[in-house]
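To convert, count from 1 in the sequence shown and add 12; that's the working numbering. Just so you know, even glycine gets a beta-carbon here, dropped at the ideal spot from N, CA and C.
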Amino acid sequence: MAKIQMTTPLVEMDGDEMTRILWKMIKDELICPYVDLKTEYYDLGLEHRNETDDKVTMDSALATQKYGVAVKCATITPNAARMTEYNLKEMWKSPNGTIRATLDGTVFRAPIIVKGIEPCVRNWEKPITLARHAYGDVYKNTEIKVPGAGKAELVFTAEDGTKIRELIHTFKDGGILQGIHNTDASISSFAKACFNYALDTKQDLWFATKDTISKKYDHNFKDIFQEIYDADYKEKFEKAGIEYFYTLIDDAVARVMKAKGGFIWACKNYDGDVMSDMVSSAFGSLAMMTSVLVSPTGVYEYEAAHGTVQRHYYKHLEGEETSTNSVATIFAWTGALRKRGELDGISELMEFADKLEKATVATIESGRMTKDLALITSLKDVTICNSQDFIKEIRKTYETL
Ligand code: NAP
Ligand code: MG
């Protein structure tokens, strides 16, 4: 069989530790035998980031803007321990943070559903995609530990010197204070990314805040979403047969627990942080969670939701066998290849992505899986595969489809 040809390269961002090992296996076994893979390669492994003073991360983000689609391997976000381990010149920023800031994107996370790995919530039949606003609020806060009695005020000084002043609280004794912000531009980008993603995936969109209590701050989120929806998306949603609705965050949480799934849940930054961990763990495993960053201009960066699986990597370095789950990383590749195929009008590439995903799911459903899934599956006859063998089993399944 001739290999599938590509016209535009994918931006390929290589990464660190165990996921870097899986990365190569996936390419060698599952992609390159079938696709004449065209990529523009960026090595975001920590050593190379350090050598290039992290310029490679910025370059990869700019290349993503240029080509429109990227696939990213998990990378180390340096901390004090990594400074020593990798003898770093600086504590480089999180690559995901840099890429997110450059693309001004929203992160969408969705679980991969397979029979035999049942969600804890029995009525969740379809995936729930979580969209998290990744700017501002408590993540860019200013805090004061109030030492004693006094008056706290919120002051805004305009460029012309005019002031807006509000009393926060008159303290009789010690306490705490916090200042947070967001911008209309960032909220608008978030809203557009959510509406576009809903149209793209033909799913309803839910959005929730606490606007009954936060009558200006949260209400602003609600208003911006509604204005953009009414102006640019209402008709498109009606045509696609999907729905946008706004509700209170507590009502949304209650409804999500009773829902069947199959929708996108857009959350403010903090809600998204907390709820995405709840949703992913309730669906079974972090190793089965995909993640895609979508910019308001329609640029896509695909990755797995988990990290570099450091503990497994150290075992691997000691020559021990590992059983690391490659599913989310495989789906990062299929997501990116499918999107490339869609943008370039290459249906074979889209069909390849579908078929590889089908082979991955079918392999697990036949009882061949990595250890993390074997521990939680309801299937009876289970074969635990090592990292390499699991990928080889997927290839075998692929060949039978
Ligand atoms: P992690 O890599 O997600 O792994 C945490 C634990 O979850 C693992 O030790 C493993 O549990 C389990 N796990 C995660 N993915 C798995 C997989 N594919 N297959 C099997 N088990 C899996 O998180 P971490 O250890 O906290 O972080 C390691 C590094 O990743 C850090 O340097 C962090 O900065 C980075 N990170 C990167 C990203 C990203 O690039 N998007 C995201 C998060 C973290 P057991 O050990 O019990 O088997
Ligand atoms: Mg979190």
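Check your understanding: Taking DSSP as the reference, what is the three-state secondary structure of Glu165?
Key -> Strand, per DSSP.
Practice item. Consult DSSP for Ala316 and reduce its assignment to one of helix, strand or coil. Key: Strand.
Exercise for review: Mind reading off the beta-carbon distance from Cys447 to Ala252? Whole number of angstroms is fine, and I expect it under 8 Å.
Suggested key: This structure does not reach residue 447, given that the chain is present from 13 up to 413, and the question cannot be answered.
Review point. What first and last residue would you give for the beta strand (DSSP E) that runs through Val81?
Key: Annotation: the continuous beta strand (DSSP E) that includes Val81 extends over Val81 to Lys84.
Review point. Quick one: is the Cβ of Thr174 within less than 6 Å of any heavy atom of the ligand NAP?
Key: no
Review point. Are there 16 or more other CB atoms within 10 angstroms of the CB of Phe156, so buried, or fewer, so exposed?
Key: The amino acid occupying residue 156 in the given sequence is Ile; Phe does not appear at that position. Under this definition Ile156 is an exposed residue.
Check your understanding: Which same chain residues, not among the five before or five after Glu369, have their C-beta less than 7 Å away from its C-beta?
Key -> Phe343 and Thr346
Practice item. Alpha carbon to alpha carbon, how far is His145 from Val17? Give it in angstroms, no decimals. Key: According to the sequence shown, residue 17 is Gln rather than Val. About 36 Å.
Point to revise | Whole beta strand (DSSP E) elements within the stretch 200-227, 3-residue minimum | key: 216-221
Practice item. With His422 as the anchor, note down where its alpha helix (DSSP H) starts and where it stops. Key: The chain is shown from 13 up to 413; residue 422 falls before or after that span and cannot be answered.
**Study point:** Three CB pairs or more closer than 8 Å across the stretch 312-323 and the stretch 81-89
**Key:** yes
Point to revise | Cβ pair Ser338, Arg121 closer than 7 Å | key: no
Review point. Under a three-way DSSP split, which group does His181 fall into?
Key: strand
Check your understanding: Closer than 7 Å, CB to CB, is Lys408 near chain B or not?
Key -> The chain labelled as chain B is not found in the depicted structure, where only one protein chain is given.
Check your understanding: For Lys15, does the count of other Cβ atoms within 10 angstroms reach 16, so buried, or fall short, so exposed?
Key -> Counting C-beta atoms within 10 angstroms of its own C-beta, Lys15 has fewer than 16 neighbours from the protein chains shown and is therefore classed as exposed.
Review point. Quick one: is Pro159 buried, meaning 16 or more other Cβ sit within 10 Å of its Cβ, or exposed?
Key: exposed
Point to revise | Counted within 10 angstroms of its Cβ, other Cβ atoms place Thr424 as buried (16 or more) or exposed | key: Past the boundaries of the shown model lies residue 424; the chain is included only from 13 to 413, so the question cannot be answered.
Review point. From what residue to what residue does the alpha helix (DSSP H) around Trp35 run?
Key: Glu29 to Ile38
Practice item. Count the CB pairs spanning the stretch 176-183 and the stretch 276-296 that are closer than 8 Å, and state whether there are at least three. Key: Contact check between the stretch 176-183 and the stretch 276-296: fewer than three CB pairs, one atom from each, fall below 8 Å, which does not count as touching.
Review point. Counting Cβ pairs, one atom from each stretch, are 3 or more of them under 8 Å apart for the stretch 123-139 and the stretch 252-267?
Key: Flag = no, the stretch 123-139 and the stretch 252-267 do not touch.
Practice item. Report yes if the C-beta of Ala86 is less than 6 Å from at least one heavy atom of the ligand NAP; otherwise report no. Key: Indeed, a heavy atom of the ligand NAP lies less than 6 Å from the Cβ.
Practice item. Determine the extent of the beta strand (DSSP E) in which Thr51 is found, giving its start and end residues. Key: Thr51 to Asp55
Exercise for review: Please determine if the stretch 90-99 and the stretch 32-45 are in contact, where contact requires at least 3 C-beta pairs separated by less than 8 Å.
Suggested key: no
Point to revise | Ala348 and Leu22 closer than 7 Å at C-beta | key: Yes. Within cutoff.
**Study point:** Whole runs of the beta strand (DSSP E) within the stretch 233-311, excluding any shorter than 3 residues
**Key:** 256-260, 275-279 and 301-306
Point to revise | Thr395 - DSSP class collapsed to helix/strand/coil | key: strand
Exercise for review: Round the Cβ separation of Asn208 and Gly310 to the nearest angstrom and send it over; I've been treating them as touching at under 8 Å.
Suggested key: Contact annotation, Asn208 with Gly310: C-beta distance approximately 7 Å; criterion of less than 8 Å satisfied.
**Study point:** C-alpha distance - Ile240 paired with Thr412, whole-angstrom precision
**Key:** The alpha-carbon separation between Ile240 and Thr412 amounts to approximately 47 Å.
**Study point:** Which of helix, strand or coil DSSP assigns to Met362
**Key:** helix
**Study point:** Thr118, enclosing beta strand (DSSP E) - first and last residue
**Key:** Per DSSP, the continuous beta strand (DSSP E) segment holding Thr118 begins and ends at Thr118 to Pro123.
Check your understanding: Quick one: what's got a C-beta closer than 6 Å to Tyr54's C-beta in the same chain, skipping five residues either side?
Key -> Met25, Val68 and Ser72
Review point. Can you list, in chain order, the residues of its chain whose CB lies under 8 Å from that of Lys152, leaving out five sequence neighbours each side?
Key: Ile192 and His193
Point to revise | Burial state of Thr174 (16 or more Cβ within 10 Å) | key: exposed
Review point. Count the other CB atoms within 10 Å of the CB of Cys418; is the residue buried (16 or more) or exposed (fewer)?
Key: Here the chain has residues from 13 to 413 only, and residue 418 is not among them.
Review point. Exposed or buried, Glu330, counting other C-beta atoms within 10 Å across all chains shown (16 or more means buried)?
Key: exposed
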